[in-house]
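Chains A and B, in that order, give the protein sequences.
So for the first sequence, this note's numbering puts the first residue at 1; every next one is plus one.
So for the second sequence, this note's numbering puts the first residue at 1001; every next one is plus one.
Here a beta-carbon is modelled for each residue, glycine too, at the ideal position from N, C-alpha and C.
The structure under discussion appears below in the form of structure tokens.
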Amino acid sequence: MGTVAVHGLRKSFGKVQALDGVTLDVPDGSFFVVLGPSGAGKTTTLRAIAGLDKLDAGSVHLDGRDATGDTPAARDLAMVFQSYALYPRRTAYENIASPLRARRCSSSEIAAAVERMSSLLHIERLLQRRPAQLSGGEMQRVALARALVRSPRAFLMDEPLTNLDLKLRVEMRTELTRIHRSLGGTFVYVTNDQVEALSMADQVAVLKEGKVQQVGTPTEVYERPANQWVAGFVGSPPISLLACHAEGDRLIGAEGWTLPRPRWTTAEDGRPLLLGLRSEDLSVEQRGDASLSGELYGLEPLGDRTVVDVRVGTEILKVKARPTVTGTPGERLHVTVDLDRAHLFDAGTGLALSEAGR
Amino acid sequence: MAGSIDEAVSTGPARDHTRPARRGGGRGRAVLEVALLAVLAVVMLFPALWMIETSIKENRDVYAIPAKFFDFKVTMDHFRDVFAASGGGRSALSVSFLNSVVVAGVSTVLATVLGVPAAWAYSRFAMKAKKDQLFFILSTRFMPPVVVVIPIFLMYRQVGLIDTKLGLILIYAAFNVPFTIWMMKGFVDEVPAEYEDAAMLDGYTRLQAFWKFTLPLLLPGIAATAVFALIFSWNEFVFAIFLTSSDNVRTAPPAIAGLIGGTTVDWGLVAAASVVFALPVLAFAYLVRRHLVAGVTLGAVRR
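The structure is reproduced here in structure tokens:
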């Protein structure tokens, strides 16, 4: 059990600024997800917390105590690596026992702890095998067991599910949430998969180019993205962004369309804006007073739903529709917009406009 | 990861098997190839064959004209003379062989103990001008030993290392450390650093992580590297002849060379000593035969 706080982390590799002032506060017992595209500095942040790399600047506090200069061993953390990093010459049992051996636990304690972990993760049958004799999913479970076998201050997980196939990944998502609930403890979990972030996290920190873009609950990050980039990164299919500006009680699109101005926005007339519309807040099936006209550009049937691409001027809108929807490309259609759920961003800075009036 | 020597450095021999005899000449060309290779083999192997023959010939047959290729009396007297002095007791040659074992062995151990941790550090840590440092280390091998032997001789005379086994051990270790660093760095690079990261999070120190988790994976590479260092020290002649003079310090190469000269040369003894001298090298070269090829193309062999 413990809190993890990092402040002003800076780290560069040659000319690349991997971390550019990262500050995060991980509350005790939370499932904290660091989300970002590859190269955003997620792994570097995690390695900084673990004490594996030297920082250019910044501090790491564990349980409120400054641990910036501590060795990894002294920090009392556990980590799951993306590559699992299971010791190749040792059996699964010896791998799981390693953190306990390093801390000089008695062999009876070790045996009991390994047994407890292997039953929690359903790997009892695999304990005498070596990593080379394990499948990817099995290695993943052994790596998890090695991290979870102790009760450290926090568990660090570096994209632990990335190397698994889709079905296993979905399964392990649920499993990890279950483990977090049953064991407690603070999890700092790094991923580039927004579905993982939204489905597992208590708190999400979105990272881009070594800078924190937004920290919040999954709902906050999805419903109130702090800027245009977060809005585009979180959510699938990605949010559609249309250039426009406000004029009186209208929003005038750069492509010539007009929509009623959302009641909550306070943007002054003429300021260049971006209107962000998520696919589920658009509809081609029902008519409302706020609508855009365009032509059908393409259909992406996804089984449970179909994504309709609608071209408005030169811009493409992604619209969520029922799987039964049909149409032919080029066909004219109207897209109804739920303006109460729309987002507005400053076109210059990309920052979300105040939604105080919402 | 360096699971075994063969795995870590794959040389992929005999790739020509897959190539059909389509290219010009076909069968005739193959015959020519075999013929030329046979001529080359005879030229290369004849001295070795002659050495072995001479070592088991009686003295009368050694000097016979015309030379006797097959019809000679076999004797082991020369080999006895290599090890035993004529008046009883140990011969000077056998002492020199023992010196070679000590000098080559200790200098190899020293080079390995110094070079392996250095290679690990160069592989794992970020440091200033790492490439320049590595190039500098390699550049010490560019120089032919004979260029530095005079300054070394003068320095050794000053510090009293002339004509000592320790002197030879130090100079051989100095030559082998750069080689060990370069060869071992390749092996260390093959072992993921994450094993050590994981071990440190388990609660081990960095050195414990290296010792318990990385080092065992490096053993095949260390063995191969050590054999190379051993062969270098065993064969070395220039420093040995300049820096040593007394029989109880001399290593085998100058001792064997010393048998030639004077009014009469006991060629049987020279040949027998050479055979004895060559055997360890042959045995070790056989053990690391794949790496001999890799060593020639060092740096080019990457996966």
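Identification of chain B residues near Phe187(A) by a Cβ-Cβ cut-off of 9 Å yields none; the smallest Cβ-Cβ distance measures about 15 Å.
Think of a sphere of 9 Å around the beta carbon of Asp1132(B): no beta carbon from chain A falls inside it, the nearest being about 16 Å out. Counting only Cβ-Cβ distances below 8 Å, Gly1221(B) has no contacts in chain A at all, with the closest Cβ about 15 Å away. Counted as a single uninterrupted DSSP element, the alpha helix (DSSP H) harbouring Lys1165(B) occupies residues Lys1165 to Glu1190.
Following the DSSP letters along the chain, one finds Ala154(A) inside the beta strand (DSSP E) bounded by residues Ala154 to Asp158. Residue state for Leu19(A) is assigned as strand, using DSSP reduced to three classes. Those residues of the stretch 151-168 of chain A placed with their C-beta closer than 7 Å to a C-beta in chain B do not exist. About 22 Å separates the beta carbon of Trp257(A) from that of Leu299(A), a gap too long to meet the 8 Å contact definition. Membership of Arg1029(B) in the alpha helix (DSSP H) is indicated by the continuous run Arg1027 to Ser1055. Shown here, Phe1242(B) sits in a helix according to DSSP, grouped into three states. When secondary structure is reduced to three states using DSSP, Ile239(A) falls in the coil class, being assigned neither helix nor strand.
Gly1115(B) sits in a helix when the DSSP states are folded into three classes.
Within its own chain, the residues whose Cβ lies closer than 6 Å to the Cβ of Val1103(B), once the five positions on either side in sequence are excluded, are Lys1165, Leu1168, Ile1169 and Thr1251, listed in chain order. Look at Pro99(A): its C-beta is under 8 Å from a C-beta on chain B. Note on the stretch 174-202 of chain A: whole beta strand (DSSP E) runs with a minimum of 3 residues are 186-191, in chain order.
With a cut-off of 8 Å on Cβ pairs, the stretch 1214-1234 of chain B is in contact with the stretch 1173-1192 of chain B, counting three or more such pairs. Pairing Ile316(A) with Gly64(A), the inter-Cα distance amounts to about 49 Å. Remark: C-beta atoms of Phe1242(B) and Val1149(B) approach each other more closely than 8 Å. If you ignore the 5 residues before and after Asp70(A), its C-beta comes within less than 7 Å of the C-beta of Gly51, all in its own chain and listed in chain order. By the Cβ rule, the stretch 256-276 of chain A does not count as touching the stretch 299-309 of chain A, because fewer than three pairs are nearer than 8 Å. For Met1143(B), the three-state secondary structure derived from DSSP is coil. Taking 8 Å as the cut-off, the Cβ atoms of Ala147(A) and Val34(A) do not count as close. Nearest to Ala145(A) by C-alpha distance, out of Gly235(A), Thr91(A) and Ser354(A), is Thr91(A).
For Ala1129(B), not one C-beta of chain A is nearer than 8 Å to its own C-beta. Note that the C-beta distance between Thr217(A) and Gln194(A) is not below 8 Å. For the pair of segments examined, the stretch 1178-1188 of chain B was found to touch the stretch 1108-1123 of chain B: the number of CB pairs separated by less than 8 Å reaches three.
With respect to the 8 Å criterion, Thr306(A) and Pro323(A) are classified as neighbours on the basis of their beta carbons. Comparing alpha carbon positions, the residue from Ala85(A), Ala48(A) and Asp76(A) closest to Thr68(A) is Ala48(A). Interface with chain B (8 Å Cβ-Cβ cutoff): Leu52(A) is included.
Under the Cβ distance rule, Tyr1204(B) counts among the residues neighbouring chain A, one pair being separated by less than 8 Å. Per DSSP, the continuous beta strand (DSSP E) segment holding Ile316(A) begins and ends at Glu315 to Ala321. Excluding residues up to 5 positions away in sequence, Ala1199 and Tyr1204 lie with their Cβ nearer than 8 Å to the Cβ of Lys1212(B) in the same chain. Residue-level contact check: Tyr222(A) does not touch chain B, since none of the beta carbons of chain B fall below 8 Å from its beta carbon.
Among the CB atoms of chain A, none fall inside 8 Å of the CB of Met1155(B).
Within a 10 Å sphere around the beta-carbon of Ile239(A) sit 16 or more other beta-carbons, which makes this residue buried.
The stretch 1078-1098 of chain B and the stretch 1281-1290 of chain B do not touch, with fewer than three beta-carbon pairs separated by less than 8 Å.
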